Amino acid sequence: MYADDTTLHIAGNNPHDVIYHLQSAMDRLLKWLEINRLVLNVGKTKLMFIGSSRKLNFIKRDEINVTVKGKTLEIVDSAKILGMQIDSQLKFHKHVESISQKISGKIGFLRRLKASIPRKELSLLFKALVNPHFDYCSSVWSGASAANNDKLFKLQKTRGLRMICNAPWNAPSKDLFSELDWMPLPELLVGNDCKMLYKCMNDQAPNYLCKCFTLFDNNIYSTRQWTSKTLMLPRCKTSM
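What the sequence shown shows, in the UniProt record's numbering, is residues 1 to 240, in sequence order.
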């Protein structure tokens with residue numbers, strides 16, 4: 001038997017403490033797997049540090065030694081977890097690059113079908129084939145980089161919308177979006193965030209997400225008792 005997509009998370013400010021606790025956790029995990037007759041694929045087991053570029057620069061990779069069954073784990077800068085490309089600085093450039101390539105391929109496929117399929121059906125195919133890439137975990141990656149969002153928006157608008165409408169590259173997009181009844185990507189991403197917030201405020205999301213939101217009027221973490229629509233803004237550290 002195999003246990004797929006399992007991750008261990010260790011948080012801390014000191015790399016040496018993180019490594020120590022990670023090695024202890026790996027040792028306990030191996031014992032648990034052995035007791036339950038499960039197999040860990042050591043070759044696919046990787047190690048990644050997540051943090052700001054300043055903190056990551058303090059980590060000396062050649063001095064890190066986390067072992068599993070006598071093999072030192074490889075340190076990587078990104079890893080694919082449940083369909084998302086997670087990078088060490090949580091910028092999600094690689095994830096957006098990955099889905100951009102997939103979207104480009106599907107738009108090329110639709111372009112080849114354009115001559116034989118009516119516009120309405122072609123629009124429905126675009127929504128069915130491309131929009132899931134925009135929607136999947138968008139609340140995680142869409143707030144990291146405006147440049148990433150703009151890159152995807154250009155794919156939707158320039159290569160998708162204008163291709164289906166057979167419009168020139170400089171044609172105003174507002175009327176074209178209305179014609180196909182499409183939601184522009186920036187609005188689509190905001191809508192996904194609003195849906196996620198609604199679920200968190202109504203106990204329809206996992207508890208660890210619901211606890212991220214605090215009501216301004218009573219300063220509690222419970223979403224069951226909320227009566228006000230005003231949420232407390234988190235305090236952010238503005239100095240390094």
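For each residue, glycine too, the CB sits at the ideal point set by N, CA and C. All figures in this text were calculated on a predicted structure; none of them were measured in a lab.
Cβ neighbours of residue i in the same chain (closer than 7 Å, five flanking residues each side left out)
| i | result |
| --- | --- |
| Ile164 | Arg119, Leu122, Ser123, Phe126 and Leu180 |
| Asn65 | Thr72 |
| Ser100 | Lys151, Leu152 and Leu155 |
| Thr45 | Val68 and Leu73 |
| Leu209 | Cys200 |
| Tyr221 | Confidence at Tyr221 is low in this model, with a pLDDT of 49, below 50, so its placement is unreliable and no value can be given for it. |
| Lys91 | Ala144 and Ser145 |
| Ser139 | Asn192, Asp193 and Met196 |
Local Cβ density within 10 Å of residue i, reported as buried at 16 or more and exposed below that
| i | result |
| --- | --- |
| Gly160 | buried |
| His95 | buried |
| Cys194 | exposed |
| Leu233 | exposed |
| Ala11 | exposed |
| Trp169 | exposed |
| Val39 | exposed |
| Cys212 | exposed |
| Ile50 | exposed |
| Leu110 | buried |
| Val130 | buried |
| Phe58 | exposed |
| Ile81 | exposed |
| Leu113 | exposed |
| Ile35 | exposed |
| Leu8 | exposed |
DSSP state of residue i mapped onto helix, strand, coil
| i | result |
| --- | --- |
| residue 268 | The structure shown has nothing for residue 268, since the chain only spans 1 to 240. |
| Thr6 | coil |
| Ile50 | coil |
| Leu231 | strand |
| Ser24 | helix |
| Lys114 | helix |
| Thr45 | coil |
| Leu40 | coil |
| Lys195 | helix |
| Leu56 | helix |
| Lys71 | strand |
| Leu90 | coil |
Where the beta strand (DSSP E) through residue i begins and ends
| i | result |
| --- | --- |
| Asp62 | Neither: Asp62 is in no beta strand (DSSP E) and is coded neither H nor E. |
| Ala128 | Element bounds for Ala128: not the beta strand (DSSP E) but the alpha helix (DSSP H), Arg119 to Leu129. |
| Lys80 | Ser78 to Ile81 |
Continuous alpha helix (DSSP H) stretch holding residue i: start and end
| i | result |
| --- | --- |
| Ala147 | Ala146 to Lys154 |
| Gln85 | Gln85 -> not in any alpha helix (DSSP H); beta strand (DSSP E) instead, spanning Met84 to Asp87. |
| Trp182 | Note, Trp182: premise wrong, no alpha helix (DSSP H); not H, not E. |
| Trp169 | Where Trp169 is concerned, there is no enclosing alpha helix (DSSP H), given that its DSSP letter is neither H nor E. |
| Cys210 | Asn207 to Cys210 |
| Ser142 | Taken as a continuous stretch (DSSP letters only), Ser142 belongs to no alpha helix (DSSP H), as it is neither H nor E. |
Close-in-space but distant-in-sequence residues of the same chain around residue i (CB under 6 Å, 5 per side omitted)
| i | result |
| --- | --- |
| residue 242 | No answer is possible for residue 242: it lies beyond the span of the chain, which begins at 1 and ends at 240. |
Close beta carbons around residue i, own chain, < 8 Å, minus the five adjacent residues each side
| i | result |
| --- | --- |
| Ser52 | Gln89 |
| Leu185 | Phe134, Asn149, Leu152, Phe153, Gln156 and Lys157 |
| residue 278 | Since the first residue of the chain shown is 1 and the last is 240, residue 278 is not available in this structure. |
8 Å contact criterion, which residue i and residue j should meet: CB distance rounded
| i | j | result |
| --- | --- | --- |
| Met183 | Gly191 | 7 Å |
| Ser142 | Leu189 | 4 Å |
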